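Just below is one structure, and these are the notes that go with it.
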Amino acid sequence: MRIQHKPGDEMEVDWAGGTIDIYDEVTGEISPAYLFVAVLPCSLYVYAELCPNMKSDTFINCHVHAYTYFGGSTRLLIPDNLKTGVTKNTRYDTLIPRAYKEMADHYNTAIVPARVKHPDDKPNAEGSVKYATTWILAALRNYHFFSIEEAKTAVSEKLEELNLRPFKKRLGNRRSAFEDEEREFMLPLPKAPYEPAVWSTAKVQNDYLISDGINKYSVPFDLIGEQVDIRLTSAIVEVFYHGGRVASHVRRTTPQRDPICIREHMPLNHQKYLSCLVSMY
12 MRIQHKPGDE MEVDWAGGTI DIYDEVTGEI SPAYLFVAVL PCSLYVYAEL CPNMKSDTFI
72 NCHVHAYTYF GGSTRLLIPD NLKTGVTKNT RYDTLIPRAY KEMADHYNTA IVPARVKHPD
132 DKPNAEGSVK YATTWILAAL RNYHFFSIEE AKTAVSEKLE ELNLRPFKKR LGNRRSAFED
192 EEREFMLPLP KAPYEPAVWS TAKVQNDYLI SDGINKYSVP FDLIGEQVDI RLTSAIVEVF
252 YHGGRVASHV RRTTPQRDPI CIREHMPLNH QKYLSCLVSM Y
């Protein structure tokens, strides 16, 4: 019996079990590419994307692309128990990576991981992963791809074939079912897509600076010796202390000779010294 799902209620996500080989034309070296799959259980509408790795930022970006493809988000997001989406999931405790939860909040969706050893929590995603594997990975297994861009194009073509393939036991296909049954119930997308962020923790040094690995940025001097949370995007460096933001800088992507400092972060004697230097020149 087909399980009935509410339209626009859930999006289930997983990595497909197989990979696609990418060949280096010069060395002949083979690199695997990984298939991300998202499915809307009501209509079984599928999104798939080929990726060079399964890192956390790649995983999150795939969600952003899936929401764009579907033209909306869902009330619930159900990931499998992979460490990029769920760091701990037991009977008593579930830990969601901070950046993953931040992405879900941006799209107004709640993360509900599939339970460990309970694949029935996610039957349609598992079925769609198998379907995507059959239609995409198996269909392309005899192809030799020499760039991931070339393989991505082939995957996109197979995805369209999958979504347009007629159902065996009912009229229509995945796309028509989505258009007829689900699209109007999807949550509206935010004005801007989510930009993945990397979170880390650092101790503020005696020079009241923290580093993004390329440059150093100031924080209020009274946080010297304290542990702070650092949020990095491609454009912004943000620093948080006990959940509150205490510093924000435009991120510099090339090494700078001097630290990027905000005057108000300095102790008064440093501010006075800086004023003297400025007046001298």
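Each number in my numbering corresponds to the 1-based position in the sequence shown with 11 added.
Quick reminder that beta carbons are idealized off the backbone N, C-alpha and C, glycines included.
In this text the structure is predicted, and so the values were computed from the model without any measurement.
> With DSSP run on the structure shown, which of helix, strand or coil describes Glu40?
Replying inline: coil
> Applying the criterion that 16 or more other CB atoms from any shown protein chain within 10 Å of the CB defines a buried residue, is His253 buried or exposed?
Replying inline: exposed
> Within the chosen definition, does the region 200-213 reach the region 164-181 through at least 3 CB pairs nearer than 8 Å?
Replying inline: no
>> Going by beta-carbon coordinates alone, are Gln238 and Thr212 separated by less than 8 Å?
In response: yes
> Which residues share a DSSP beta bridge with His260?
Replying inline: Val248
> By a C-beta neighbour count over all protein chains shown, 10 Å radius and 16 as the cutoff for buried, is Glu60 buried or exposed?
Replying inline: buried
>> Measuring straight from C-alpha to C-alpha, what distance separates Tyr58 and Arg186?
In response: 11 Å
>> For Glu24 and Ile221, I'd like the C-alpha separation in whole angstroms.
In response: Checking the displayed sequence, the identity of residue 24 turns out to be Val instead of Glu. Their backbone Cα atoms lie some 36 Å apart in a straight line.
>> At the level of alpha carbons, what is the spacing between Ile241 and Asn153?
In response: 45 Å
> Which residue comes first and which comes last in the beta strand (DSSP E) that contains Ser222?
Replying inline: 220-222
>> Just list the residues that DSSP pairs Asn184 with in beta bridges.
In response: Pro177
> So what's Lys202 in DSSP terms, helix, strand or just coil?
Replying inline: coil
> Taking DSSP as the reference, what is the three-state secondary structure of Asp25?
Replying inline: strand
> From Phe228 to Pro270, what distance separates their C-alpha atoms?
Replying inline: The question names Phe, but residue 228 is Tyr in the sequence shown. Approximately 6 Å between the Cα atoms of the pair.
> Do the CB positions of Leu51 and Glu190 come within less than 8 Å of each other?
Replying inline: no
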